[in-house]
Amino acid sequence: MVAASGADARKTIHPLFVRVTHWVNAFAIFVMVLSGWRIYNASPLFGFEFPAGFTLGGWLAGALAWHFAAMWLLALNGFAYLAYGLVSGHFRRSFLPISFGGALDDVFLAMRGLLDHAPGRYNAAQRLLYIGVILAVIVAILSGLAIWKPVQLQTLTAAMGGYEAARRVHFFAMAAIVAFLVVHIGLAVSVKGILAPMFTGRAEAPR
Amino acid sequence: MKPPRRISLREFQPQIARLERRLFLKQGLSLGALSLLSGCTLKDDDAVDRLLFAMSRFNDRVQAALFDPLRLAPTFSDADVTTPFPFNAYYEEKDIPRIDGEDYRLRLSGLVADQRPWSLSELRALPQSSQITRLVCVEGWSAIGTWRGVAFRHFLERIGADLTARYVGFKCADKYYSSIDMPSALHPQTLLALDFTDAKYGYPLRLRLPTKLGFKNPKFIGEIFVTNDYPGGYWEDKGYNWFSGS
């Protein structure tokens with residue numbers, strides 16, 4: 007039967023809620039990182055600046071306005087995602103169990119081109135990376151709050167090691183997120199058949 | 010064997026719908042990306058800039074709600090003081106105004122009962138207090154300094170300022186101007202500073218609030234006014250968040 011194939015053979019591998027929060031998050035992270043680079047350039051922590059062409063906001067005030075507008079989107083969307091992931095069982099089903107040994111095996115398999123990147127099922131390396139980037143975003147938000155409000159939230163700032171240490175924590179949380187994105191986006195566009203389901207939610211039944 | 014079937018367009022409807030949806034998503038994404046990169050710098054009056062300004066006003070209100078009038082900023086010891094204290098202004102260090110302390114008079118205006126100008130010796134005759142606190146610049150760097158002077162709350166009470174007014178504004182000898190909210194003005198650590206580690210940068214009078222970013226600490230103050238009309242500020246009018254609490 008020609009007509010029966012198509013829609014029926016495909017199943018939902020990414021729930022709508024996950025897809026929506028994923029793309030809202032992608033936009034928010036994009037704005038936060040690029041405006042953050044412009045803010046960094048106003049007073050570089052290390053011996054380099056980010057190329058102006060890869061920043062957002064035009065100048066410090068514009069970058070700050072973008073950063074402090076998108077932070078609400080990042081925090082509210084992130085909170086919704088975490089609440090959904092914990093309550094619906096999405097995290098338990100997708101991210102557990104965690105295995106460091108398994109992740110290592112997967113990385114070696116991937117380097118030899120042998121790793122199965124099946125749509126809808128995360129391998130051990132993916133699980134660790136996704137949990138890692140979620141933690142990095144949480145650290146970025148907390149250290150961001152610590153340098154935004156070092157007086158009102160001084161307990162948080164002190165927990166980060168003080169104002170100047172919190173700036174470095176914020177920088178390295180950003181760096182971890184960007185490093186994740188390089189791997190994540192690289193794989194998303196190079197592995198066949200995994201990008202489209204992140205929009206449509208649906209993929210062919212497991213092979 | 011089955012006879013060959015005629016293929017109708019209807020059989021491909023699900024696939025066509027998926028294709029359309031995919032194209033819509035792709036085009037929507039690239040349009041969004043384009044509008045992002047079209048240089049929204051808070052300098053134009055386009056929709057994105059208006060949204061950013063609206064969010065900045067929203068953040069003013071959130072920060073005002075977050076502000077605890079009794080929470081004190083962390084204080085430090087003499088050993089922590091940053092030396093030399095960095096100079097920072099919208100002009101170069103050689104252009105700082107030179108003010109003769111003998112002739113200096115602090116002017117008062119707006120919702121203030123007693124608008125008589127103040128000399129430096131009169132200000133020094135008021136009760137003095139000091140603090141060692143961190144100044145955080147909007148650019149991200151910070152420095153710890155010592156400031157000594159009159160508690161601003163005491164001064165505002167003394168001149169009969171309307172403490173229910175919304176804003177306290179400042180006009181400076183270096184053409185800088187700024188304004189703060191009344192609750193921040195009345196905070197116990199807000200000082201009308203007469204002595205400071207960066208003595209060259211602000212003589213003879215500057216405002217010091219450890220509860221706000223550096224640019225909300227005007228130097229070389231010539232006039233203080235109290236008002237209910239939003240007074241803006243030099244950097245605030247260029248796009249920095251007005252409340253800029255820390």
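Just so you know, the protein sequences line up as chains A and B, in that order.
Here my numbering = 1-based position in the first sequence + 6.
Here my numbering = 1-based position in the second sequence + 9.
Think of the CB as a built atom: it goes at the ideal place given N, C-alpha and C, for glycine as much as any other residue.
Member of the options whose CA lies at the smallest distance from the CA of residue i
i, options, result
"residue 157 of chain B", "B:181, B:211, B:186 and B:185", "B:211"
"residue 144 of chain B", "A:140, A:143 and A:157", "A:157"
"residue 154 of chain A", "B:68, B:24 and B:22", "B:68"
"residue 32 of chain A", "A:56, A:77 and A:18", "A:77"
"residue 136 of chain A", "A:104, A:83, A:175 and A:160", "A:104"
"residue 248 of chain B", "A:138, A:145, A:73 and A:18", "A:73"
"residue 182 of chain B", "B:254, B:60, B:114 and B:65", "B:114"
"residue 178 of chain A", "A:189, A:146 and A:113", "A:146"
"residue 177 of chain B", "B:216, B:85, B:206 and B:202", "B:216"
"residue 83 of chain A", "A:102, A:118, A:28 and A:96", "A:28"
"residue 120 of chain B", "B:214, B:159, B:169 and B:179", "B:169"
"residue 230 of chain B", "B:239, B:203 and B:250", "B:203"
"residue 223 of chain B", "B:155, B:126, B:147 and B:235", "B:147"
"residue 160 of chain A", "B:142, B:167, B:180 and B:93", "B:142"
"residue 240 of chain B", "B:127, B:58, B:185 and B:137", "B:185"
"residue 107 of chain B", "B:127, B:228, B:233 and B:97", "B:228"
"residue 197 of chain A", "A:106, A:112 and A:123", "A:123"
"residue 81 of chain A", "A:95, A:106, A:94 and A:30", "A:30"
"residue 132 of chain B", "B:155, B:167 and B:103", "B:167"
Residue(s) in a DSSP beta bridge with residue i
i, result
"residue 179 of chain B", "B:187 and B:233"
"residue 158 of chain A", "According to DSSP, residue 158 of chain A bridges with nothing at all."
"residue 121 of chain B", "B:170"
"residue 221 of chain B", "B:254"
"residue 145 of chain B", "B:151"
"residue 200 of chain B", "B:160 and B:217"
"residue 205 of chain B", "B:156"
"residue 139 of chain B", "B:157"
"residue 208 of chain A", "A:18"
"residue 116 of chain B", "B:232"
"residue 127 of chain B", "B:115"
"residue 84 of chain B", "B:142"
Separation of residue j from residue i, as counted between CA atoms
i, j, result
"residue 70 of chain B", "residue 143 of chain A", "25 Å"
"residue 44 of chain A", "residue 63 of chain A", "7 Å"
"residue 38 of chain A", "residue 150 of chain B", "19 Å"
"residue 80 of chain B", "residue 188 of chain B", "21 Å"
"residue 62 of chain B", "residue 149 of chain A", "24 Å"
"residue 245 of chain B", "residue 173 of chain B", "23 Å"
"residue 130 of chain A", "residue 140 of chain A", "16 Å"
"residue 109 of chain B", "residue 153 of chain B", "27 Å"
"residue 187 of chain A", "residue 66 of chain A", "25 Å"
"residue 83 of chain B", "residue 193 of chain A", "46 Å"
"residue 105 of chain B", "residue 25 of chain A", "56 Å"
"residue 43 of chain B", "residue 134 of chain A", "With a pLDDT of 45 at residue 43 of chain B, under the threshold of 50, the modelled position of this residue cannot be trusted, and the question is left open."
"residue 58 of chain A", "residue 199 of chain A", "35 Å"
"residue 109 of chain A", "residue 132 of chain A", "8 Å"
"residue 85 of chain A", "residue 91 of chain A", "10 Å"
"residue 120 of chain A", "residue 114 of chain A", "9 Å"
"residue 226 of chain B", "residue 174 of chain A", "25 Å"
"residue 116 of chain B", "residue 88 of chain A", "55 Å"
"residue 39 of chain B", "residue 213 of chain B", "Its pLDDT being 47, under 50, residue 39 of chain B is placed unreliably in this model, and the value from its coordinates should be taken loosely. Approximately 55 Å between the Cα atoms of the pair."
"residue 160 of chain B", "residue 206 of chain B", "18 Å"
"residue 151 of chain A", "residue 20 of chain B", "54 Å"
"residue 171 of chain B", "residue 235 of chain B", "7 Å"
"residue 17 of chain A", "residue 201 of chain A", "15 Å"
"residue 98 of chain B", "residue 48 of chain A", "14 Å"
"residue 233 of chain B", "residue 61 of chain A", "38 Å"
"residue 47 of chain B", "residue 250 of chain B", "Confidence in residue 47 of chain B is poor, its pLDDT being 43 and thus under 50, which makes the residue's placement unreliable; the coordinate value appears in the next sentence. The alpha-carbon atoms of residue 47 of chain B and residue 250 of chain B are separated by roughly 22 Å."
"residue 37 of chain B", "residue 206 of chain A", "Any reading at residue 37 of chain B must be qualified, since the residue scores a pLDDT of 49, below 50, and its modelled position is unreliable; the value itself is stated next. Their backbone Cα atoms lie some 14 Å apart in a straight line."
"residue 55 of chain B", "residue 64 of chain B", "14 Å"
Chain-ordered neighbours of residue i on chain C, where CB pairs are closer than 9 Å
i, result
"residue 251 of chain B", "Within the model displayed, chain C is absent; protein chains A and B are what it includes."
Presumed contact (8 Å Cβ cut-off) between residue i and residue j, rounded CB distance
i, j, result
"residue 2 of chain A", "residue 70 of chain A", "The requested residue 2 of chain A does not occur in the structure, where chain A is confined to residues 7 to 213."
"residue 95 of chain B", "residue 196 of chain B", "At roughly 24 Å, the Cβ-Cβ gap does not stay under 8 Å, so residue 95 of chain B and residue 196 of chain B are not in contact."
"residue 74 of chain B", "residue 252 of chain B", "The pair is not a contact, with the Cβ atoms about 10 Å apart (cut-off 8 Å)."
"residue 214 of chain A", "residue 172 of chain A", "This structure cannot speak to residue 214 of chain A, because chain A is shown only from 7 to 213."
"residue 221 of chain B", "residue 254 of chain B", "6 Å"
"residue 237 of chain B", "residue 162 of chain B", "Their Cβ separation, rounded to whole angstroms, is 19 Å, which puts residue 237 of chain B and residue 162 of chain B out of contact at 8 Å."
"residue 200 of chain B", "residue 140 of chain B", "7 Å"
"residue 164 of chain B", "residue 135 of chain B", "7 Å"
request  = Name, going along the chain, the residues of the region 218 to 229 of chain B whose beta-carbon falls closer than 7 Å to a beta-carbon of chain A.
outcome  = 219 and 220
key: chain A contacts made by the region 179 to 213 of chain B, where a contact means CB separation under 8 Å   = none
ask   = Relative to chain B, which residues along the region 148 to 176 of chain A have a C-beta separation below 9 Å, given in chain order?
value = 153, 154, 155, 156, 157, 158, 159, 160, 163, 164, 168, 169, 170 and 173
ask   = For the region 70 to 87 of chain A, which residues have a CB atom closer than 8 Å to at least one CB atom of chain B, in sequence order?
value = 70, 71, 72, 74, 75 and 78
query = Mind listing which residues of the region 53 to 68 of chain A have their C-beta closer than 7 Å to chain B's C-betas, in chain order?
reply = 63, 64, 65, 66, 67 and 68
ask   = Listed in chain order, which residues of the region 34 to 52 of chain A have Cβ atoms closer than 7 Å to some Cβ of chain B?
value = 45, 48 and 49
task = Output, in sequence order along the chain, the residues in the region 151 to 169 of chain B whose CB is closer than 9 Å to any CB in chain A.
result = 151
key: Residues within the region 77 to 103 of chain B neighbouring chain A, beta-carbon criterion of under 7 Å   = 77, 80, 82 and 83
key: Residues within the region 123 to 143 of chain B neighbouring chain A, beta-carbon criterion of under 7 Å   = 143
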